[in-house]
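The next block holds one structure in the form of structure tokens; read it before the comments.
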Amino acid sequence: MKAYVYVSLKKTVLDPQGKTIQGALQKMGYRGLEEVRQGKFFEITLDGGLGREEAQAEVERIAREVLTNPVIEECRCSLAE
Numbered sequence: 088m089k090a091y092v093y094v095s096l097k098k099t100v101l102d103p104q105g106k107t108i109q110g111a112l113q114k115m116g117y118r119g120l121e122e123v124r125q126g127k128f129f130e131i132t133l134d135g136g137l138g139r140e141e142a143q144a145e146v147e148r149i150a151r152e153v154l155t156n157p158v159i160e161e162c163r164c165s166l167a168e
């Protein structure tokens, strides 16, 4: 089973890296961009020792306690077979 964790800055937190990327894309001629926000992506391979609900809870705990800074970041997790 694989777990996917997406981490991004909370909407209320300024994203200077996203702004820089947006500016670069606009200078390169890409149009129609309203906003660019950057984040992190983690792919975790699970060993199958947990049931689906247990695995989901464990991945969410890992994301909260290790992969994110809860003051400025939010995350979402998903599982795939």
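When you line the sequence shown up against the working numbering, it's residues 88 to 168, in that order.
Beta carbons: idealized from backbone N, C-alpha and C, even for Gly.
In this text, all values refer to a predicted model and were calculated from it rather than measured experimentally.
Tell me the rounded alpha-carbon separation between residue i and residue j.
{"i": "Gln-143", "j": "Val-100", "result": "27 angstroms"}
{"i": "Glu-145", "j": "Asp-134", "result": "12 angstroms"}
DSSP has residue i in a bridge; who is on the other side?
{"i": "Arg-163", "result": "Tyr-93"}
{"i": "Lys-127", "result": "Val-94"}
Identify, in the order they occur along the chain, each residue of the same chain with its Cβ nearer than 8 angstroms to the Cβ of residue i, setting aside the five sequence neighbours on each side.
{"i": "Gln-104", "result": "Gln-125"}
{"i": "Gly-119", "result": "none"}
Leaving out five residues before and five after residue i in sequence, what residues of the same chain have Cβ atoms less than 7 angstroms from its Cβ?
{"i": "Glu-168", "result": "Met-88"}
{"i": "Thr-72", "result": "The shown model of the chain, from 88 to 168, leaves out residue 72, and the question about it has no answer."}
Classify residue i as buried or exposed, calling it buried when 16 or more other Cβ atoms lie within 10 Å of its own Cβ.
{"i": "Asp-102", "result": "buried"}
{"i": "Val-158", "result": "exposed"}
{"i": "Ala-111", "result": "exposed"}
Taking 8 angstroms as the line, does the beta carbon of residue i fall inside it for any heavy atom of the ligand MN?
{"i": "Ala-167", "result": "In the structure shown, the ligand MN is absent, as is every other ligand, since no ligand is present at all."}
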